[in-house]
Amino acid sequence: MWALPVCAQQVIEFTSAGTIACDDLRYEDYDVIVTGATVTIDCTHRFNSLLVRGGGVVTHSAALEEGLELIVAEDVTITQGSSINVSGTGYPAGTGPGAGRDGVNGANGGGGAYAGGGGDGSDTNALGGETYGSIKEPDQLGSGGGNGTPNGGGAGGGRLRLDVGGYLENFGNIRADGGSPRNSRGGGGSGGSIWITAEGLSGVGSITANGASWSDGCCGAGAGGGGRIALYVDDDSFDGRVQAYGGAAWNNLGHGGCGTIYTRSAQKPDGELYIANGTANNMGTEFAVPTEIEGDVVV
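Note that my numbering has the sequence shown beginning at 3, numbered continuously upward.
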């Protein structure tokens, strides 16, 4: 890790694991580079620019309600194989506003919820979590899946807010997916939240807030519901993948409900809401009907 003054602009490059804590203001207004390392950044920070390259990862600490919020004056660039990844850093198993209920007496836990409801576990007491949060301004952690017996559920996805004054160029991954359960009887964590504003969005990477699916090939735990994504960009030329799918459960039991993807751009000034689970069938868990949308709804 090194810092170098370039005229009046400061640069910091992380080449090994590091942490920028909530109250660590040493790198405010810097050009920040993350190269081949995992850097944990908590709470709100202001950078001049951000470059994540060489397999680098930016994340936030687990179960931190403030999540990761970056206000970047110029551009954010994520190269192929690199990521801003807050998957599984949301509410722990069995906790959060949409927590899945725990299974009892050897039964399976329910899935965590956020935008999409959590899938029910096979135990009648192990219901999936209920939906919560804003479609247009998603700013909460995803919820954990219910614990099974004896296996724990997965944590929810984290909270990511990016306010970019220039372009967000994403050739890697931006992820807030739910955490997988620790074994076959725990419920899946829900997807978390991704809220992006930028002058432009480009690249061919991915932006996902998917709920976690079942693990280990058996049993009847509920899968996690999809999270929430909101994208506000003036110039949208992104040609990558944007998903907020619910997780799939074993043997068509207890699938997670769809998440929400809200987009607004110069090309779509009224905004569009996307609710989809791709090619997955029987994703029957209910999700809240949107009441705050003035633009198109695509299902």
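All residues carry an ideal CB built from backbone N, CA and C; glycine is no exception.
Name the two residues that bound the continuous beta strand (DSSP E) containing residue i.
| i | result |
| --- | --- |
| His47 | Cys45 to Phe49 |
| Tyr234 | Arg230 to Asp238 |
| Ser85 | Ser85 to Asn87 |
| Arg177 | Asn175 to Arg177 |
| Gly20 | Gly20 to Ile22 |
| Arg243 | Arg243 to Gln245 |
| Thr151 | Here Thr151 belongs to no beta strand (DSSP E), and DSSP marks it neither H nor E. |
Is any heavy atom in the ligand COA found nearer than 7 Å to the beta carbon of residue i?
| i | result |
| --- | --- |
| Leu66 | Questions concerning the ligand COA fall outside what the structure shown contains, since it holds no ligand whatsoever. |
Would you list the residues sitting across from residue i in a DSSP beta bridge?
| i | result |
| --- | --- |
| Gly56 | Paired residues: none, contrary to the question. |
| Ala200 | Val166 and Val235 |
| Ile263 | Ile231 and Tyr276 |
| Leu70 | Cys45 and Leu162 |
For residue i, which three-state DSSP category applies?
| i | result |
| --- | --- |
| Trp252 | helix |
| Gly167 | strand |
| Glu76 | coil |
| Gly113 | coil |
| Ile209 | strand |
| Gly118 | strand |
Which residue's Cα is closest to the Cα of residue i: the options?
| i | options | result |
| --- | --- | --- |
| His62 | Arg28, Asp104, Ala19 and Glu76 | Ala19 |
| Ala268 | Arg187, Ala128, Leu233 and Glu67 | Leu233 |
| Glu30 | Ile277, Asp141, Val78 and Ser51 | Ser51 |
| Thr46 | Cys24, Val59 and Val60 | Cys24 |
| Thr199 | Asp179, Asp77 and Ala101 | Asp77 |
| Gly180 | Gly222, Gly159, Gly102 and Gly154 | Gly159 |
| Val34 | Asp241, Val74 and Asn279 | Val74 |
| Leu72 | Gly224, Thr42 and Ile263 | Thr42 |
Leaving out five residues before and five after residue i in sequence, what residues of the same chain have Cβ atoms less than 6 Å from its Cβ?
| i | result |
| --- | --- |
| Thr227 | Correcting the residue identity first, residue 227 is Gly in this sequence and not Thr. Only Ala115, Tyr116, Gly118, Gly119, Gly120, Ser192, Gly213, Gly248, Gly258 and Gly259 meet the Cβ criterion. |
| Asn172 | Ile80, Gly205 and Gly207 |
| Asp122 | Gly112, Leu129, Gly130, Gly224 and Gly256 |
| Phe16 | Met3, Val36, Ala39 and Val41 |
| Thr21 | Thr42 |
Excluding five sequence neighbours on each side, which residues of the same chain lie with their C-beta closer than 7 Å to the C-beta of residue i?
| i | result |
| --- | --- |
| Ser182 | Gly156, Gly190, Ala214 and Ser217 |
| Asp141 | Arg161, Arg163, Ser195 and Trp197 |
| Val60 | Val36, Val41, Ile43, Val54 and Ile86 |
| Glu67 | Leu143 |
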